[in-house]
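Visitor: Per numbering that gives the first Met the number 0, residue 0 is the first one in the sequence shown, and the count goes up by one each step. We treat Cβ as the ideally placed atom computed from N, Cα and C, and that holds for glycine. Since this is a predicted model, take the numbers as computed values, not measurements. Next up is a structure, given as structure tokens.
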Amino acid sequence: MQLYKNQNLKVHNSLSGKKEVFQPINEGHIGMYVCGPTVYSNVHLGNCRTFMSFDMIFRYFKHLGFKVRYVRNITDAGHLENDADDGEDKIAKKAKLEQIEPMEVVQRYTVDFHNTLQKFNFLPPSIEPTATGHIIEQIEIIKEILEKGYAYEANGSVYFDVLKFNENNEYGKLSGRKLEDMIANTRELTAQDEKRNPQDFALWKKAEPQHIMRWPSPWGDGFPGWHLECTAMSTKYLGETFDIHGGGMDLKFPHHECEIAQAEASKGKSPVKYWMHANMLTLNGKKMSKSTGNNIYPSEIFSGENDILSKAYAPSAVRFFMMQAHYTSILDLSDDALLASEKGYNRLMDAMENLQTLSTGAKSDFDFGAWKQKCYDAMNDDFNTPILIAHLFDAVKHINLIKEGKESITKEDKTLLENTLNTFVYDVLGLENQSAVKDDSNALNGVMDLLIELRNQARANKDFATSDQIRDRLTALGIQLKDGKDGTSFSVN
Ligand code: AMP
Ligand code: ZN
0 MQLYKNQNLK VHNSLSGKKE VFQPINEGHI GMYVCGPTVY SNVHLGNCRT
50 FMSFDMIFRY FKHLGFKVRY VRNITDAGHL ENDADDGEDK IAKKAKLEQI
100 EPMEVVQRYT VDFHNTLQKF NFLPPSIEPT ATGHIIEQIE IIKEILEKGY
150 AYEANGSVYF DVLKFNENNE YGKLSGRKLE DMIANTRELT AQDEKRNPQD
200 FALWKKAEPQ HIMRWPSPWG DGFPGWHLEC TAMSTKYLGE TFDIHGGGMD
250 LKFPHHECEI AQAEASKGKS PVKYWMHANM LTLNGKKMSK STGNNIYPSE
300 IFSGENDILS KAYAPSAVRF FMMQAHYTSI LDLSDDALLA SEKGYNRLMD
350 AMENLQTLST GAKSDFDFGA WKQKCYDAMN DDFNTPILIA HLFDAVKHIN
400 LIKEGKESIT KEDKTLLENT LNTFVYDVLG LENQSAVKDD SNALNGVMDL
450 LIELRNQARA NKDFATSDQI RDRLTALGIQ LKDGKDGTSF SVN
């Protein structure tokens with residue numbers, strides 16, 4: 000029997016504002032869509048936090064035995080600088096600045112995104128669709144919305160008519176905003192505005208002659224509005240109504256609110272059963288953000304090269320830091336907080352290693368069966384990873400007491416403890432034991448220094464057979480030596 004049948008999983012649904020019992024639309028199957036990155040710059044650690052929260056959620060669903068189709072898109076067109084549908088396309092702007100093709104920008108930062116996620120030990124999503132790969136689907140949805148009378152064309156652009164939609168539907172229900180308040184708080188339209196009113200949002204924007212990212216459409220050359228891509232891709236791969244839609248809190252409005260409006264206007268159905276929002280990572284008490292520069296990049300954390308850091312941190316130590324906070328709570332990054340998390344992470348990893356060497360006895364001094372259920376209860380309570388980690392440290396305490404000979408454990412309980420810790424530490428939280436990895440890299444550097452020195456000596460002695468042998472054998476192992484002005488360096492493929 001699948002594990003999920005025994006577990007009473009509850010998730011916080013942003014739409015109702017409540018924790019609800021999780022019941023997928025089709026038993027045993029979950030469709031989950033998470034808004035992916037806009038690939039116009041490197042991902043910062045804040046972006047990583049949101050994706051990591053959903054990676055953990057994906058991992059737990061899989062562990063429970065659900066068959067999950069996890070769709071996380073890549074936004075490679077249509078995301079303008081301002082939410083109010085003006086400003087340049089973020090990717091086109093970067094392409095102009097660097098004098099490269101927009102798709103070169105997309106490629107560069109998609110690769111960075113994937114490399115970063117791999118370092119953090121993310122599981123790949125089931126499908127990773129791109130906005131530019133779904134222009135036809137987006138145009139089809141615009142046509143449907145126009146047919147239903149909830150959109151209008153103006154000068155080659157198409158806008159969603161929020162006031163009209165709100166006559167029969169509730170615009171603002173996800174973010175808790177009232178349309179009347181929004182209207183009261185916005186400026187009047189000017190004569191140049193194409194929108195009928197400021198709350199309307201673009202489904203399709205006409206491309207001005209200088210706009211480099213453009214596609215033909217029934218309304219002329221243009222490009223899709225940002226909100227539309229997620230409606231098109233989630234509907235295509237998960238259906239008109241699916242189980243979970245996730246993203247960072249900052250996407251609730253306008254992005255997700257507009258997604259709901261587009262889906263309800265075109266399909267006449269609410270698109271998502273459970274809306275889930277991950278909270279922000281802050282730095283100096285302020286949201287980490289690409290545009291304000293208040294951010295830190297994963298590469299800086301891994302190398303320690305940032306003024307706020309006293310040292311480098313392994314990806315799993317950072318992952319542990321993230322998992323110590325509930326995904327719906329704000330988390331502030333600081334060197335002190337990272338140091339404390341690294342200590343906790345090392346204690347956990349030490350205990351995982353010590354567990355292997357524990358001898359077993361006739362009785363257990365701790366109820367490991369009840370402890371295991373507490374771990375599940377924590378995760379079943381809206382993925383409460385901080386509580387789970389507190390239970391994991393209960394186990395660490397007992398492992399240490401058993402090791403010191405102050406408590407004992409039976410063979411069966413030792414197996415249960417080992418399996419449960421492996422499940423939660425590695426499979427669900429997605430941690431890896433990286434203390435070993437770190438030691439390896441120190442050892443590699445030492446061995447390489449020695450080999451480079453021996454090769455230099457061989458060359459000085461004109462013993463080219465030996466120096467070539469060292470280089471060739473290293474090449475065969477995937478290690479390249481590079482001779483430069485400042486000596487010899489190496490890289491590992
Ligand atoms: P973007 O590339 O700007 O579209 O953002 C990608 C994802 O990162 C979205 O789900 C955002 O909500 C999320 N995000 C952006 N800033 C932060 C932050 N400081 N903390 C957590 N998530 C964030
Ligand atoms: Zn989205």
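Between V436 and the rest of its own chain, which residues show a CB-CB distance below 6 Å, the 5 nearest in sequence each way excluded?
Guide: With a pLDDT of only 49 at V436, under the threshold of 50, the placement of this residue in the model should not be trusted; the figure read from the coordinates follows. The answer is none, since no qualifying residue turns up.
Visitor: Flag this pair as touching only if the segment 141-152 and the segment 199-215 have three or more C-beta atom pairs under 8 Å; answer yes or no.
Guide: The answer is yes - the segment 199-215 touches the segment 141-152, with three or more Cβ pairs under 8 Å.
Visitor: What do you get for M0, buried or exposed, if any count of 16 or more other CB atoms within 10 angstroms of its CB means buried?
Guide: The residue in question, M0, is exposed, as its Cβ has fewer than 16 Cβ neighbours within 10 Å.
Visitor: Any heavy atom of the ligand AMP closer than 7 Å to the Cβ of S174?
Guide: Outside the cutoff, so no.
Visitor: Can you tell which of A206, H325, S13 has its C-alpha closest to the C-alpha of G86?
Guide: Selected option, being the one with the closest Cα: A206.
Visitor: What did DSSP end up calling F489 once you bin it into helix, strand or coil?
Guide: Here F489 sits in strand by DSSP.
Visitor: In this structure, does DSSP put K413 in helix, strand or coil?
Guide: Of the three classes helix, strand and coil, the one that applies to K413 here is helix, per DSSP.
Visitor: Would you list the residues sitting across from K204 in a DSSP beta bridge?
Guide: Bridge partners of K204: F222.
Visitor: With three or more beta-carbon pairs closer than 8 Å as the criterion, would you say the segment 181-196 touches the segment 282-299?
Guide: Short answer: they don't touch.
Visitor: Comparing C-alpha positions only, which one of T487, W225, K9 sits nearest to T494?
Guide: For the chain, the structure presents residues 0 to 492; residue 494 sits outside this window and is missing.
Visitor: How many Å lie between N120 and F367 at the Cα?
Guide: Whole-angstrom Cα-Cα distance: 28 Å.
Visitor: Can you give me the start and stop residues for the alpha helix (DSSP H) that N7 sits inside?
Guide: From DSSP, N7 is part of no alpha helix (DSSP H); its letter is neither H nor E.
Visitor: Quick one: what does DSSP say R525 is sitting in, helix, strand or coil?
Guide: The displayed coordinates of the chain run from 0 to 492. Any statement about residue 525 would go beyond what the structure contains.
Visitor: Check each candidate in K286, E341, L308 and name the one with the smallest Cα separation from I329.
Guide: Out of K286, E341, L308, K286 has the C-alpha closest to the C-alpha of I329.
Visitor: Quick check: Y32 and V427, are their CB atoms within less than 8 Å of each other?
Guide: Not in contact: Y32 and V427 (Cβ atoms no closer than 8 Å).
Visitor: Kindly indicate which three-state DSSP category R107 falls into: helix, strand or coil?
Guide: Of the three classes helix, strand and coil, the one that applies to R107 here is helix, per DSSP.
Visitor: At 3 residues or longer, what runs of the beta strand (DSSP E) sit wholly inside the segment 282-333?
Guide: Complete beta strand (DSSP E) runs here, min 3: 330-332.
Visitor: Consult DSSP for D88 and reduce its assignment to one of helix, strand or coil.
Guide: The answer is strand: DSSP assigns D88 an E or B state.
Visitor: What separation, rounded to the nearest whole angstrom, lies between the Cα atoms of K272 and I29?
Guide: Rounded to whole angstroms, K272 to I29 spans 11 Å at the Cα level.
Visitor: For Q479, which beta-bridge partners are listed by DSSP?
Guide: The partner list for Q479 (beta bridge, DSSP) reads S490.
Visitor: Mind checking whether the beta-carbon of G368 lies closer than 7 Å to any heavy atom of the ligand AMP?
Guide: No, the ligand AMP has no heavy atom inside 7 Å of this Cβ.
Visitor: Looking only at its own chain, which residues have a Cβ that is under 8 Å from the Cβ of A150, when we skip the five neighbours before and after it?
Guide: Cβ within range, chain order: I141, I144, V157, Y158, F159, D160, L202, A264.
Visitor: By how many angstroms is the C-alpha of V38 removed from the C-alpha of E341?
Guide: Spanning the two alpha carbons is a distance of roughly 30 Å.
Visitor: Starting from Y59, follow the beta strand (DSSP E) in both directions and report where the run begins and ends.
Guide: Careful: Y59 lies outside any beta strand (DSSP E), inside the alpha helix (DSSP H) at 44-62.
Visitor: Distance check for K289 and M279, CA to CA, integer angstroms please.
Guide: So the alpha carbons of these two residues sit roughly 13 Å apart.
Visitor: To which residues of the same chain is S233 closer than 6 Å at the C-beta, ignoring the five residues directly before and after it?
Guide: Cβ within range, chain order: Y32.
Visitor: Less than 7 Å between C-beta atoms, sequence neighbours within five positions excluded: which residues of the same chain meet that for G483?
Guide: Nothing listed; no residue qualifies.
Visitor: In the DSSP assignment, what are the bridge partners of Y151?
Guide: Paired residue(s): Y158.
Visitor: Beta carbon of G429, beta carbon of D54: below 8 Å?
Guide: Cβ distance < 8 Å, so G429 and D54 count as in contact.
Visitor: Ordered along the chain, which non-local residues of its own chain (more than five positions away) have a Cβ less than 6 Å from that of A350?
Guide: Around A350: V395, I398.
Visitor: Measuring straight from C-alpha to C-alpha, what distance separates Q433 and Q6?
Guide: Cα to Cα, the separation comes out at about 31 Å.
Visitor: Would you please state the rounded distance, in angstroms, between the beta carbons of L387 and M378? I believe it to be under 8 Å.
Guide: Yes, they are in contact, since the Cβ atoms of L387 and M378 sit about 6 Å apart, within 8 Å.
Visitor: If we cut at 8 Å on Cβ distances, does D331 have a partner in chain D?
Guide: No chain D appears in this structure, which consists of one protein chain only.
Visitor: Quick check on T74: does DSSP put it in helix, strand or coil?
Guide: If DSSP states are grouped into helix, strand and coil, T74 belongs with the strands.
Visitor: Return the bridge partner residues of L430 from the DSSP annotation.
Guide: BP columns for L430 are empty, so no partner.
Visitor: Do L347 and L416 have their C-beta atoms closer together than 8 Å?
Guide: Cβ atoms of L347 and L416: not closer than 8 Å.
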